[in-house]
Structure formats: C-alpha cells, structure tokens
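Residue numbers (mature numbering (1 follows the signal peptide of the UniProt record, and there is no 0)): -22 to -1, 1 to 535. Ideal Cβ positions, reconstructed from N, Cα and C, are used throughout, including at glycine. Just so it is clear, the structure is predicted and the values come from calculations on it, not from any experiment.
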C-alpha cells in the first residue's frame, strides 16, 4: 500500500526558508523533553551517530511509553523540521484521521444534542493514529539510522518498565473511571483497579511487541498484518467503527510551514490542520502594530488579550483540514490583515466576543507533549504530539498495548458546540470520513541575527497563547528559564473570560483589567509543559530549558 504522500500547502509566499544560513554549526547538541527517559533516549541515539531526526524518532517513541497520558502509538502529532544541508523547513503531518465510517452526526442524539462523552471516552472517540507512520517516515526520509536502533530505547522502557511519579498518579486519578472501564488498559495502567503507588513500575510487554513489529517492518508493521487486525477487532468488539481499510489508507503528509515576521524575527510554525501557526502569526501581526514596551503593564496585557480573542475567533470561523476545506491562510497571516484587526481594538475597554462579527454568540488542555532537539550539524526539530485528553479515550485494544486517542473530540461535533477544552468550531472543522481534526499544536522556530529559538508546549486550547507569550519574552530579551516558567494567561474567544495562573497578575492589575471589562478566572493548577532550546550564535553556545511545571529534562552535550 502507499503510506506516504507529499503535499506542499501554500502559506505565506516567500522565496527560500527566510532563515539565515549559519556559517558554523552549533557547538553542542541539545534536547528538552517532558521526561528524563525520553531525553536520555534521544541523546543516546545522537551519540550512536544519529542526527536530530533520528533522535526525534527515539524521543517520540520513548514518550509514547513513559508518558502514556500525553502521547502514544495510538495518537499523532506534528514534527517541524529544519534540515541544515539545504536550509529547508518542512512540517511532517502525522495527525490522526477520522474513520471512513465517520459521519457529521455521529455524536448527536435524535434531537440533535451532543451525546455526553461519546467523543471523549471509549473506542468510538478514536481517530486513526498517525504517530507510527510518522516515525517510519522520519526515519526513512530524514534519519540515517534504522528504526530498530532508534526504537530500541522505547522497546527497552516498555519491557523493563518505568517508575510511577506524581504526574502519572495525578493523571490516572483524573481518568480513573474510564481506565477501569476497559480491562486491557486497566491491567497496564492501574494496580488492581487502583491508582499505583509512587515508585511502582509500569511494564508494557504488548506495547513492546508492537514497537518491535514497527521496527522490523516499518509502517506496515502497524497498519497491516496481525497488529492492524488486533486493533480493528478490538475496536469493533467494543463498539467502535474502525476498518482495516482505515489503517491501510493512512498517509503521512509533508506540508509547508506557515511563515511570518515579528519585529525583525523570522517565525516558522505549524500549518493547517494545526491552527497553531496561523493563529500565532495573526496575534503577532496585531501586536506588531504597537510598541509594547511603551504600554503600562495593564495596557500591555489588555492588548495581548484582545489579540488572542480575535485570533481564536478566526480559528473557529475559518480553520480545518486543508485537504477538505479552502482556508484563506495568506489573508490570515498577512500583516495588513493584522493591522485591520488592530484597528478594531480599543485600549480603554474590552470588545466582548459576542460583538465580533463572523460566528455570532455561541454556547458557551491538557494532555499532549512537546520536545525540542538540535544536533551538532545544525538540524533542529520542534515536535508536539498528542492523544488529546489524558490517557486519550482510555481504550486499549486487547493484545496490542496501544492506548487509543480521543482526537475525534477535536472536530466540531456541531457548529458552536464546545469541545472538551471549550473550543468551538464551524463547518470547516466538521467531521467527515478521512478528515484530520483541527489542532492547536504549535511547534515553532524563531530566528534573528542573535540565534535560533526552538520551542513548543502541550496544553490543549492554551498551547497557542503559551507559545505567543514565550516568543514575546524572547523578543524582549528574557532568558530561556524565564521563557518556560513565566506565569501565563489565556483568552480563546469563547468562553469570554481571561484564564490566568497564580502570579500572572497582581491584585492591582486584576482590578484594572476588570475595570476595562475583562472577566478574569483564576486557575490554581498551572498549565503547560514548555520545552525550549536556544542557539545563541553571538556567544556561540546552546541552551536548553524544561518547564518546571513538569518532570522533564533539558540537556546540552
């Protein structure tokens, strides 16, 4: 079967990459990922002669084993690549696809209302995974080592197990009811139906066997043969709609990233079916109309919030799978469009979301993962992977070890109806057979004469605004540690509220923002798990930082 397809999607019309060609390669290699074992796996592959793309395969597979609440072989993602030899950037789209039997009404009852949790829990919520195909594609087209070598660390972790830590216990507690519901998942991730104790080992021999099939046969080891049959049999026996044809037809897609500029910095980010890059550039183009350094703290925050509001409005209105819908990408990321949106922002008061044209008043994240890699040859990767909600659908087809995603919830089950992250959508993101759901994943490169920043984060609907705030801090000269650890705030059009972490605003600033008309909602739990690298060309050094909110590890060697 034909697994892979190369597609170039027009984004911003530019010649070449727009990134400067370095005269010398980086002085060190660096990896920042959400788990120490994944970072170790990536460095081991680099030391064995692999490049950044080989290391990306190793880190992706390792995270699939040791961070099962965030990503996995049953999920997908986007890998943003920079290849040094020809100064090219490309995005590998390993996003999941809707099953061929999917319909636009599949999660609605007879009265047209959303069936509670039907798109979140169980096999009916699972789209066709893309991560295994993407790993095989990365290895074949960009790496230099065999899959057997790059998958070896993950296979070892699956067989030998990893120790339960607090993040694991927290996510298992959150999804305990659904994990208890499905025996195969319960046996792997729970301890006699209960949350495992700290230090217990989670072993996954069935997942190791599936990884071994992938290592031996490439994508065919997952999408054909006994693994594919076990996946489909398990899904259908439990009420899902997968067919062998769904797996056989899955294709990785190469897409042109979206590109733009902000105050002299080149920005390269994820293109549709991720909304991340488009929304990010929309916000930056709005903010570029003003010098943020001249604003008071409150006015700066207000202006950023209003930019977020408008970008997320456009996300809901226009964005979806570019293979199914026409998306005005050039318009949305053009500086003139950003200037037009800026003209509608008042600095002395809020624009309520219901007053913005386009969609009208509608009814009123969490687990994904990210890593950043740079090798000594000057290749770099920003990759964001997901199974959507913590532990995805909670369903594992018996005998496979593969925990399935619940990415079908990222479609708009009905126009204006929010998904589990509160995001609304329109017809552009409606369910259709073979379609890829809209994503917020935003792996991004930022470059100017000082150097190259590689960053991204998990966080559901808040991913794009976290990357925005990280870039603004970088542009303003903040160090990498501040960039990944700063308190965050977020607005996503609907619900019409500003969500914020502790310490994001002080009491006086909260009062001033409320006086402008903002409704503020504090969150005691912090969000995000940013992983970032910076190649400082002026000082000839590479830096790496892992978000202190998580248990990740950033290592420069």
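Buried versus exposed, by CB contacts within 10 Å (16 or more), residue i
{"i": "residue 338", "result": "Caution is warranted here: a pLDDT of 40 is assigned to residue 338, below 50, making its placement in the model unreliable, and no coordinate value can be reported."}
{"i": "residue 325", "result": "exposed"}
{"i": "residue 314", "result": "exposed"}
{"i": "residue 305", "result": "buried"}
{"i": "residue 64", "result": "exposed"}
{"i": "residue 525", "result": "buried"}
{"i": "residue 79", "result": "exposed"}
{"i": "residue 196", "result": "buried"}
{"i": "residue 443", "result": "buried"}
{"i": "residue 89", "result": "exposed"}
{"i": "residue 275", "result": "exposed"}
{"i": "residue 333", "result": "exposed"}
{"i": "residue 171", "result": "exposed"}
{"i": "residue -14", "result": "Note on residue -14: pLDDT 37, under 50, position unreliable in the model; the coordinate value appears next. Buried."}
{"i": "residue -2", "result": "Unreliable positioning characterises residue -2 in this predicted model, as indicated by a pLDDT of 46, which lies under 50. A coordinate reading is not provided."}
{"i": "residue 383", "result": "buried"}
{"i": "residue 133", "result": "buried"}
{"i": "residue 48", "result": "buried"}
{"i": "residue 93", "result": "exposed"}
{"i": "residue 518", "result": "exposed"}
{"i": "residue 342", "result": "Because the pLDDT of residue 342 is 30, which lies under 50, any placement of that residue in the model is unreliable, and the number read from its coordinates should be weighed accordingly. Residue 342 should be labelled exposed."}
{"i": "residue 535", "result": "exposed"}
{"i": "residue 335", "result": "exposed"}
{"i": "residue 486", "result": "exposed"}
Beta-bridge pairing of residue i - partner residues as DSSP gives them
{"i": "residue 425", "result": "244 and 430"}
{"i": "residue 417", "result": "252"}
{"i": "residue 141", "result": "179"}
{"i": "residue 56", "result": "71 and 362"}
{"i": "residue 347", "result": "363"}
{"i": "residue 558", "result": "Since the displayed the chain opens at -22 and closes at 535, residue 558 lies outside it and no answer follows."}
{"i": "residue 512", "result": "431 and 521"}
{"i": "residue 284", "result": "Paired residue(s): none; residue 284 is not in a bridge."}
{"i": "residue 531", "result": "11"}
{"i": "residue 390", "result": "408"}
{"i": "residue 238", "result": "245"}
{"i": "residue 147", "result": "Residue 147 is not bridged to any residue."}
{"i": "residue 86", "result": "92"}
{"i": "residue 61", "result": "66"}
{"i": "residue 352", "result": "8 and 358"}
{"i": "residue 106", "result": "75"}
{"i": "residue 498", "result": "476"}
{"i": "residue 172", "result": "169"}
Given residue i as reference, the closest of the options once Cα atoms are compared
{"i": "residue 479", "options": "451, 163, 498 and 277", "result": "498"}
{"i": "residue 328", "options": "312, 369, 348 and 282", "result": "282"}
{"i": "residue 212", "options": "454, 377 and 391", "result": "377"}
{"i": "residue 358", "options": "22, 241, 32 and 143", "result": "32"}
{"i": "residue 144", "options": "533, 534, 535 and 529", "result": "529"}
{"i": "residue 165", "options": "69, 374 and 67", "result": "374"}
{"i": "residue 492", "options": "230, 279 and 364", "result": "279"}
{"i": "residue 531", "options": "385, 133, 347 and 224", "result": "347"}
{"i": "residue 252", "options": "242, 349, 298 and 244", "result": "298"}
{"i": "residue 10", "options": "250, 515 and 360", "result": "360"}
{"i": "residue 317", "options": "369, 162, 240 and 8", "result": "240"}
{"i": "residue 490", "options": "271, 226, 34 and 277", "result": "277"}
{"i": "residue 272", "options": "454, 527 and 476", "result": "454"}
{"i": "residue 162", "options": "209, 131 and 176", "result": "209"}
Distance between beta carbons of residue j and residue i, contact taken as under 8 angstroms
{"i": "residue 460", "j": "residue 431", "result": "Contact flag wrong, Cβ pair sits at about 13 angstroms."}
{"i": "residue 40", "j": "residue 371", "result": "Residue 40 to residue 371, Cβ: 22 angstroms. No contact."}
{"i": "residue 380", "j": "residue 188", "result": "6 angstroms"}
{"i": "residue 168", "j": "residue 150", "result": "7 angstroms"}
{"i": "residue 235", "j": "residue 219", "result": "Not confirmed; about 33 angstroms, so no contact."}
{"i": "residue 353", "j": "residue 24", "result": "6 angstroms"}
{"i": "residue 37", "j": "residue 99", "result": "Not a contact, Cβ separation roughly 29 angstroms."}
{"i": "residue 120", "j": "residue 61", "result": "7 angstroms"}
{"i": "residue 362", "j": "residue 310", "result": "The pair is not a contact, with the Cβ atoms about 20 angstroms apart (cut-off 8 angstroms)."}
{"i": "residue 123", "j": "residue 27", "result": "7 angstroms"}
{"i": "residue 97", "j": "residue 386", "result": "5 angstroms"}
{"i": "residue 413", "j": "residue 76", "result": "5 angstroms"}
{"i": "residue 506", "j": "residue 466", "result": "6 angstroms"}
{"i": "residue 356", "j": "residue 3", "result": "4 angstroms"}
{"i": "residue 242", "j": "residue 426", "result": "6 angstroms"}
| request: Please confirm if the region 419 to 429 is in contact with the region 137 to 149, defined as three or more CB-CB distances below 8 angstroms between the two stretches. | output: no
| field | Sufficient close CB pairs (3 or more, under 8 angstroms) joining the region 464 to 477 to the region 286 to 296 | value | yes
| request: Mind the definition here: the region 107 to 116 touches the region 41 to 57 only if three or more C-beta pairs lie below 8 angstroms; say whether that holds. | output: yes
| Using 8 angstroms as the threshold, is the region 503 to 515 in touch with the region 435 to 448, meaning 3 or more CB pairs across them? | yes
| Contact between the region 260 to 268 and the region 202 to 221 (3+ Cβ pairs under 8 angstroms) | no
| query | Okay, do the region 407 to 417 and the region 383 to 391 touch, 3+ Cβ pairs below 8 angstroms being the bar? | reply | yes
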